[in-house]
Amino acid sequence: MQHSAKITTLFLDIGGVLLSNGWDRAARKEAARIFNLDIIELEERHHLTFDTYEEGKLTLDEYLTRIVFYEHREFTRNDFKEFMYSRTTPYPEMIDLICQLKDHYKLKIAIVNNEGRELNEYRIRTFGIDKFVDFFISSCFVHFRKPDADIWRMALDIALVKPQEVLYLEDRAMFIHVAEGLGINGLLHENYTKTVEKLKEWGLELPPQ
Numbered sequence: 001m002q003h004s005a006k007i008t009t010l011f012l013d014i015g016g017v018l019l020s021n022g023w024d025r026a027a028r029k030e031a032a033r034i035f036n037l038d039i040i041e042l043e044e045r046h047h048l049t050f051d052t053y054e055e056g057k058l059t060l061d062e063y064l065t066r067i068v069f070y071e072h073r074e075f076t077r078n079d080f081k082e083f084m085y086s087r088t089t090p091y092p093e094m095i096d097l098i099c100q101l102k103d104h105y106k107l108k109i110a111i112v113n114n115e116g117r118e119l120n121e122y123r124i125r126t127f128g129i130d131k132f133v134d135f136f137i138s139s140c141f142v143h144f145r146k147p148d149a150d151i152w153r154m155a156l157d158i159a160l161v162k163p164q165e166v167l168y169l170e171d172r173a174m175f176i177h178v179a180e181g182l183g184i185n186g187l188l189h190e191n192y193t194k195t196v197e198k199l200k201e202w203g204l205e206l207p208p209q
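As structure tokens, this is what we get:
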């Protein structure tokens, strides 16, 4: 189905779209195994405090004190942080796709994501996301988390665009649904091939090589 709206701006999630989900359930399970932690206790403490970290109201050290270093450990904070950082891998095809579309169609690119500050800055800088993104509306910077609709409202204000000009690539259907309630166009990202095809419906086709 072809859409008539002229897209000038892409809103993008990072985890699950441009990069892997770094500090997710699988990573925490692996951390519990490697560092000999009680996974049930780790998960409970994580869920009680992670939202506060993602909203930029805790540092990574404060978060780790609450979930791991509330008692003596045989490993260091740096050991644990290095493990957390190591869990991120890039999706090069998706990064290249966005760079090509930005260049060819002169699009504005904004990140709208939930992430704690230290993890966010590491992921953005390590994988060069700051090289092609114009605006970062990250939960740790703006103190709102998805699915709070205010994070998308702020993104629209910062990018100076109307909702109908925006196409939002996201791997979580609920977040797409909330953004669509504000008039933003949503594209549920499942994999590279499907997203390339869906983008064509919005008039965004990869330029010939």
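For what it's worth, our numbering labels the leading residue of the sequence shown as 1, then goes sequentially.
All C-beta atoms in this analysis are idealised placements derived from N, C-alpha and C, irrespective of residue type, glycine included.
Between the C-alpha atoms of V166 and L182 there is a straight-line separation of about 11 Å. In terms of Cβ geometry, L107 and V196 do not form a close pair [threshold 9 Å]. Out of T89, A110, N114, the CA that lies nearest to the CA of E55 is found in N114. The secondary-structure analysis by DSSP pairs S138 across a beta bridge with N113.
Annotation: K81 to N120 spans about 13 Å, alpha carbon to alpha carbon. Within the same chain, R77, F80, K81 come within 8 Å of L64 by CB-CB distance, once the 5 residues on both sides are set aside. Taking the Cα positions, Q164 is about 22 Å away from E190. A5 and W202 have their C-alpha atoms roughly 7 Å apart.
Of the residues assessed, K146 falls on the buried side of the cut-off, its CB having 16 or more other CB atoms within 10 angstroms. The beta carbons of V133 and A159 sit no closer together than 9 Å. F127 places its beta carbon 9 Å or farther from that of L199.
Bridge partners of Y91 according to DSSP: none are assigned.
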